[in-house]
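Each residue of the sequence shown is one higher than the one before, starting from 0 at the first, in numbering that gives the first Met the number 0.
Glycine included, every Cβ here is placed at the ideal spot set by N, Cα and C.
Please read all numbers here as calculations on a predicted model, not as lab measurements.
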Amino acid sequence: MFGCLVAGRLVQAVAQQVAQDKFVFDLPDYENINHVVVFMLGTIPFPEGMGGSVYFCFPDQSGMAVWQLLGFVTNEKPSAIFKISGLKSGKGSQHPFGAMNIPQTPSVAQIGISVELLEHLAQQTPVASAAVSSVDSFTQFTQKMLDSFYNFASSFAVTQAQMTPNPSEAFIPANVVLKWQFYPYLQFVADSGSCLCSL
0 MFGCLVAGRL VQAVAQQVAQ DKFVFDLPDY ENINHVVVFM LGTIPFPEGM GGSVYFCFPD
60 QSGMAVWQLL GFVTNEKPSA IFKISGLKSG KGSQHPFGAM NIPQTPSVAQ IGISVELLEH
120 LAQQTPVASA AVSSVDSFTQ FTQKMLDSFY NFASSFAVTQ AQMTPNPSEA FIPANVVLKW
180 QFYPYLQFVA DSGSCLCSL
């Protein structure tokens with residue numbers, strides 16, 4: 000019913016069923032895993048009105064299992080990519096695997112899938128840092144490039160009192176860049192109109 004994939008490793012297509020509605024995949028050497036993909040195999044759909052909550056479990060320093068909610072898979076969204084590299088420390092969250100006797104090994108983590116009502120899944124909050132950005136690499140590059148441009152240009156900022164007349168230079172108010180319709184998120188970078196950029 001479910002599959003699990005880690006880059007550079009074979010696909011795991013057989014989950015360990017620990018209860019009628021709960022499944023677990025082992026992740027050996029989990030310290031070296033950044034992302035994991037959980038997906039439905041397409042052989043058995045969820046029953047009507049049901050979906051699967053996806054959890055990441057790792058042993059803490061004392062060997063106790065720490066479970067963190069990553070997100071969900073459903074018939075409408077049969078696969079998901081989760082970032083687990085930042086989740087290997089911190090607090091756990093409530094989870095439905097508490098009564099399960101799942102063996103813990105120091106270097107092995109687990110991905111747990113619990114089949115639950117969609118109404119229940121909608122009320123749960125996954126760990127924020129597990130979400131993988133859906134922005135493509137070109138967009139990320141463009142955003143970083145424009146951030147760099149603004150930071151560089153604003154490093155030359157002077158107040159109006161500090162400006163010396165120079166007929167060969169054009170001065171552009173920084174708020175013009177901040178108001179640029181294709182780059183509205185720059186508004187948090189600096190207070191609008193607080194500096195002038197010399198180009």
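Distance check between Phe81 and each of Asn74, Leu69, Thr73 places Leu69 closest, using alpha-carbon atoms only. Three or more beta-carbon pairs drawn from the region 53-69 and the region 104-117 are found closer than 8 Å, and the two stretches are therefore classed as touching.
Under DSSP, Val37 forms a beta bridge with Cys3, Ala79. In the three-state reduction of the DSSP assignment, Ala108 falls in the strand class. Between Ile112 and Val37, the gap from beta carbon to beta carbon is short of 8 Å.
Between the region 59-75 and the region 145-162, the count of Cβ pairs shorter than 8 Å is below three; the stretches do not touch. Taking C-beta atoms as the reference points, Gly51 and Val10 fail to come closer than 8 Å.
The criterion of a C-beta distance shorter than 8 Å is satisfied by Pro77 and Met39. Annotated as distal: Ala121 and Ser153, with beta-carbon spacing of 8 Å or more. Under the DSSP assignment, Ala121 falls in the alpha helix (DSSP H) whose first and last residues are 117-121.
In this structure, the alpha-carbon of Gln142 lies about 36 Å from that of Leu117. By the C-beta density criterion, Pro166 is exposed, having fewer than 16 other C-beta atoms within 10 angstroms. Within the DSSP secondary-structure output, Ser113 pairs in a beta bridge with Lys21, Ser52. For Asn33 and Ala12, the gap between their C-alpha atoms comes out near 20 Å.
Note that the C-beta distance between Leu86 and Ala129 is below 8 Å.
Sorting Pro164, Val157, Leu4, Met0 by C-alpha distance to the C-alpha of Ala79 places Leu4 at the top.
Here DSSP, grouped into helix, strand and coil, assigns Gln15 to strand. Separation of Asp59 and Pro125 (C-alpha to C-alpha, rounded to the nearest whole angstrom) is 19 Å.
Judged by DSSP in its simplified three-state form, Val72 adopts strand.
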